[in-house]
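Chemist: Below is a structure I'd like to ask you about.
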Amino acid sequence: MTLTLKGSKNKPDSGTVTVHDWPTGDWYRSELGETFDGSGTWSVVQGSTSATEFAHLSLSFTAPERFLNGDTLDSLSIAQGDGRTCLYADGDPEVCPVFRLRLQGG
């Protein structure tokens with residue numbers, strides 16, 4: 348699975364996203380299969396001052412079609428792991444994550 352983020356010059360905390368083999372939500376699984384290739388937009392939403400609320404990456408897919416929030420994996424917590432910035436599907440990355448993406452420089 349791959350997630351490619353491209354930033355916007357005008358808004359540094361947002362841009363476009365492209366995914367390959369991204370997990371499909373239950374609603375679209377019969378139509379698209381277990382995973383899909385798609386694109387859309389991304390933005391960083393800052394966490395609160397609470398120790399359990401982390402900043403997260405919000406994804407809005409527009410292709411292959413517009414997904415409603417929660418119909419696929421569309422919110423990833425941003426946190427440090429192993430000395431690197433990682434994205435986690437769980438709202439609290441301190442819980443043993445099942446899903447973790449490490450960011451790589453380009």
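If you want our numbering, it's the 1-based position in the sequence shown plus 347.
We put the beta carbon where it would ideally sit given N, CA and C, even for glycine.
Note that the structure is predicted; figures quoted are calculated from it, not measured.
Under a Cβ-count criterion, where at least 16 other Cβ atoms within 10 Å of its own Cβ denotes burial, should Gly430 be classed as buried or exposed?
Modeler: The residue in question, Gly430, is exposed, as its Cβ has fewer than 16 Cβ neighbours within 10 Å.
Chemist: Should His403 and Ser424 be called a contact, given that it needs their Cβ atoms to be closer than 7 Å?
Modeler: It is a contact, given that the beta carbons lie within the stated cut-off.
Chemist: Can you give me the Cβ contacts of Asp294 inside the same chain, cut-off strictly under 6 Å, excluding the 5 residues immediately before and after it?
Modeler: What is shown of the chain runs 348 to 453, which leaves residue 294 out entirely.
Chemist: What's the C-alpha gap between Thr363 and Ser377?
Modeler: Thr363 and Ser377: Cα-Cα distance of roughly 26 Å.
Chemist: Who are the Cβ neighbours of Ser405 in its own chain at under 6 Å, not counting the five residues just before and after it?
Modeler: Excluding sequence neighbours, Ser405 sits near Ser390, Val392, Ser422.
Chemist: In three-state terms, what does DSSP make of Ser422?
Modeler: Correct three-state label for Ser422: strand.
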